[in-house]
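Protein chains in written order, with numbering that gives the first Met the number 0: chain A, 0 to 337; chain B, 0 to 337.
Even for Gly, the Cβ is constructed at its ideal location relative to N, Cα and C.
A quick note: this is a predicted structure, and the numbers were derived from the prediction, not measured.
Number of protein chains: 2
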Amino acid sequence: MVTISDVAAFAGVGAGTVSRVLNESPRVRPETRARVLAAMAALDYRPNPLAQRLSRGRCQTLGIVVPFFTHASAVERLRGVVAALDGSRYDLVLFNVETPLHRDEHFATLTRSGRADGLLVMSLRPPPGDLDRLIAAGMPIVLVDVRVEGVSAVVTDDVEGGRLATRHLLDLGHERIAFLGQDPANPFGFTASGDRERGYVEVLGSSGVDRDESLTRYGSHDRSVAQALAEELFSLDEPPTAVFASSDVQATGVLAAARSAGLRVPEDVSVVGYDDVEISAYAGLTTVRQPLFESGLLGTQILLEALEGGAVPAVGERVLPVELVQRTSTAAVHRSAA
Amino acid sequence: MVTISDVAAFAGVGAGTVSRVLNESPRVRPETRARVLAAMAALDYRPNPLAQRLSRGRCQTLGIVVPFFTHASAVERLRGVVAALDGSRYDLVLFNVETPLHRDEHFATLTRSGRADGLLVMSLRPPPGDLDRLIAAGMPIVLVDVRVEGVSAVVTDDVEGGRLATRHLLDLGHERIAFLGQDPANPFGFTASGDRERGYVEVLGSSGVDRDESLTRYGSHDRSVAQALAEELFSLDEPPTAVFASSDVQATGVLAAARSAGLRVPEDVSVVGYDDVEISAYAGLTTVRQPLFESGLLGTQILLEALEGGAVPAVGERVLPVELVQRTSTAAVHRSAA
DNA sequence: TTGAAAGCGTTACCAC
DNA sequence: GTGGTAACGCTTTCAA
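As structure tokens, this is what we get:
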């Protein structure tokens, strides 16, 4: 393994000079630089990243904490992260979270800094103690899809998204609109589904439509779970004429349930999803689009800026827009059915 | 920042002893250990990973090189990788590849070792020069979904997969079977699609069915591209009665094309995919299942073993099984249509 | 069993 | 401009 002092000896200079050449310092005479470069080439020298990192006190790494990274929406966000990192000198290390214990373990190890120079946290609230420790240690942190007082974040307005979906269904004449989402009291403290539900409840209320609590179902993010819940809804004495699912994956579960119940979409039942992931266009799903890719991209860019700037980033919140994307899973309510 | 010598001073021992406690060496008297542990707790000491890595000469990191990591099949493999890494002390750093240039850049930086202690390479052939350099440097490497002489690999038999799909369609009485896949002369040198095509050609031949070259279409992995290609096929004077697509994503494009051409699946046309990703069950797609999750898991386990063992791993090839999964997108050919 | 000290390969400060 | 030389914080060898 050829080291910096080998190069220095070969070129007849000091190690410091080689380092300066390496780091493109202007304080090196051109001829010296040339000699050093020649030596590096001759010896096929590669600086040892480990030594650089220790010496600089930075590990050239961005940590991404993401729950259920295989979910379509998470993958889409990660795509944005990777795009933002492309061409930068930072490595991306992935911390997947499937359980609250997982989350705590990751944050515990991350507070022993040196594993990441900056942190992008998706959808989940870091444990307060660890968060304080990280902030105190000067670790730049950007949140995506979750907000915490005093931390920069890229978010969307989930309540508004819930309103958009519900208003769309009301406009089509639906009144028996089911909501299928995640229990607001989930172990991770995810708030997105609950916020969308709030938008749904709010719009129902302001439209003078009584909310029928029996049309609300909570379950995990699995398609199969959503399908089972939707089958329950469809077998009610007075089934819903429309279902608002708080994610597209769940919405496809609803579509599958409709199919197995012999219901036509959108003739017999309308379905609205949330996210607009890749599968949604294929499924013809009307949905609320949130800019997933952009959220990952922007969050990472903010983080990189903070890292380059050196200073602690100004805390700020960027709100990305949501919009309704109309496809073929929604239509005017079929009055005779009701 | 509290360091190892702070702890040593506090506990009244040498730094070496603290290190031994840290690394669970048995050569520490219990009472000494207790004193050191107390000191660490009192000072809230966290070892600096950067220093540990430099000193040990290992960076506790696994590099994963993966083309198009957002593709469903890649995500599923990554899920296996993450599962295998869960609980290990290794970080996962992700190198996404979208272009041949991308690939070369990643391998070039990786050869300056110190960014990863081991490498898992998916689906693509490392540039020979870099590969030799990496192997010479003693970097453990495991390939998944690709084989290179002299390197450990986890693979499946894609030719056999192609045979399974084709035989299934022949058994159903189809003879005009289209193949929709990737150009064997693609810039990455991906071979999976080409191998599946070989299986297809082979079985057609051995069954005495003439292969109609006009029923072969090549395109990128996008659903929309596959859909367009399938639309071409369906508008032929003598359209195919079945399509074998070399991935499930492409197969769903075929399904969409059938839908837009007014063809019923499977009554008018049968479709077989490949991979068995999550969406396939939802789409009711008959497909050739390959163990994606398992391939990532096993590849990573082999890599970890090599890393723990210290020695260069024995070069070996693990072949995972493929199987036909029958769903509702295939049926006996409708003779009257032909 | 333990302490002292020599690495690990850079960077960065301080003279010259 | 450049060389010499402390750091950086840990692991590990060598004595004791």
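Closest Cβ-Cβ distance between residue i and chain B: below 8 Å?
| i | result |
| --- | --- |
| A:Ala257 | no |
| A:Asp90 | yes |
| A:Ala337 | With a pLDDT of 43 at A:Ala337, under the threshold of 50, the modelled position of this residue cannot be trusted, and the question is left open. |
| A:Ile176 | no |
| A:Val81 | yes |
| A:Arg222 | yes |
| A:Ile278 | yes |
| A:Ser321 | It is Val, not Ser, that sits at residue 321 of chain A in the sequence shown. No, its Cβ sits nowhere closer than 8 Å to a Cβ of chain B. |
| A:Arg326 | no |
| A:Thr251 | yes |
Could one say the Cβ of residue i lies closer than 8 Å to chain A's Cβ atoms, at least one of them?
| i | result |
| --- | --- |
| B:Tyr281 | yes |
| B:Gly113 | yes |
| B:Pro48 | yes |
| B:Val31 | Checking the sequence shown, residue 31 of chain B turns out to be Thr, not Val. With 8 Å as the cut-off, B:Thr31 does not count as an interface residue toward chain A. |
| B:Leu53 | yes |
| B:Leu93 | yes |
| B:Arg78 | yes |
| B:Arg45 | yes |
| B:Val74 | yes |
| B:Thr69 | yes |
Terminal residues of the continuous alpha helix (DSSP H) containing residue i?
| i | result |
| --- | --- |
| B:Arg197 | 191 to 205 |
| A:Ser213 | Unbroken run through A:Ser213: none, as it is neither H nor E. |
| A:Val17 | 14 to 21 |
| A:Arg9 | Arg is not the amino acid found at residue 9 of chain A; the sequence shown has Phe there. Its alpha helix (DSSP H) spans residues 3 to 10. |
| A:Thr251 | 247 to 259 |
| B:Ala282 | 277 to 282 |
Let's see if you can read the secondary structure: which residues bound the beta strand (DSSP E) around residue i?
| i | result |
| --- | --- |
| A:Glu304 | A:Glu304 -> not in any beta strand (DSSP E); alpha helix (DSSP H) instead, spanning 291 to 308. |
| A:Arg288 | 285 to 288 |
| B:Asp274 | 269 to 274 |
| B:Val147 | Where B:Val147 is concerned, there is no enclosing beta strand (DSSP E), given that its DSSP letter is neither H nor E. |
| A:Arg317 | 316 to 319 |
| B:Phe233 | Taken as a continuous stretch (DSSP letters only), B:Phe233 belongs to no beta strand (DSSP E), being part of the alpha helix (DSSP H) at 222 to 233. |
Apart from the five residues just before and just after residue i, which ones in its own chain have a Cβ nearer than 6 Å to its Cβ?
| i | result |
| --- | --- |
| A:Ala38 | Val6, Phe9, Ala10 |
| B:His173 | Thr240, Ala241, Val332 |
| A:Leu262 | Val268 |
| B:Glu230 | Ala256 |
| B:Val74 | none |
| A:Val96 | Pro66, Arg102 |
Tell me which same chain residues have a C-beta within less than 7 Å of the C-beta of residue i, skipping the five on either side of it?
| i | result |
| --- | --- |
| A:Tyr217 | Gly180, Gln181, Asp182 |
| B:Asp103 | Pro126 |
| A:Glu293 | Gly79, Leu319 |
| B:Gly13 | Ala7 |
| A:Pro238 | Leu232 |
| B:Pro265 | Thr327, Ser328, Thr329, Ala330 |
In its own chain, which residues sit with a C-beta less than 8 Å from the C-beta of residue i, not counting the 5 before and 5 after it?
| i | result |
| --- | --- |
| A:Ser234 | Ala260 |
| A:His167 | Val271, Thr285, Leu323, Gln325, Thr329 |
| A:Pro139 | Asp116, Gly117, Leu118, Leu302, Ala305, Leu306, Val311, Pro312 |
| B:Leu163 | Gly198, Val287, Val321, Glu322, Leu323 |
| B:Val147 | Arg124, Pro125, Leu130 |
| B:Ile134 | Ile140, Gly149, Val150 |
| B:Leu254 | Val264, Val270, Ala282, Leu284, Ser328 |
Report whether the distance from the Cβ of residue i to the nearest heavy atom of the ligand HEM is below 7 Å.
| i | result |
| --- | --- |
| B:Val147 | Here there are no bound small molecules, and the ligand HEM is not part of this structure. |
Original post:
What beta strand (DSSP E) runs, 3 residues minimum, are completely inside the stretch 43 to 116 of chain B?
Top reply: 60 to 66, 90 to 96
Check whether the stretch 144 to 157 of chain B touches the stretch 317 to 324 of chain B, counting contact only when three or more Cβ pairs, one atom from each stretch, lie closer than 8 Å. yes
Cβ pair count under 8 Å reaching 3, the stretch 110 to 121 of chain B against the stretch 59 to 67 of chain B: yes
Quiz item: Is there contact here, the stretch 79 to 87 of chain A with the stretch 286 to 306 of chain A, by at least three beta-carbon pairs under 8 Å?
Solution: yes
Q | the stretch 207 to 224 of chain A contacting the stretch 249 to 259 of chain A, beta-carbon criterion three pairs below 8 Å | A | yes
Q.
Assess contact between the stretch 88 to 104 of chain A and the stretch 155 to 162 of chain A, defined as three or more Cβ pairs (one per stretch) separated by less than 8 Å. Is contact present?
A. no
**OP:** Would you mind listing the beta strand (DSSP E) stretches within the stretch 115 to 185 of chain A that are 3+ residues and don't spill past its ends, in chain order?
**Re:** 117 to 121, 140 to 143, 151 to 155, 176 to 180
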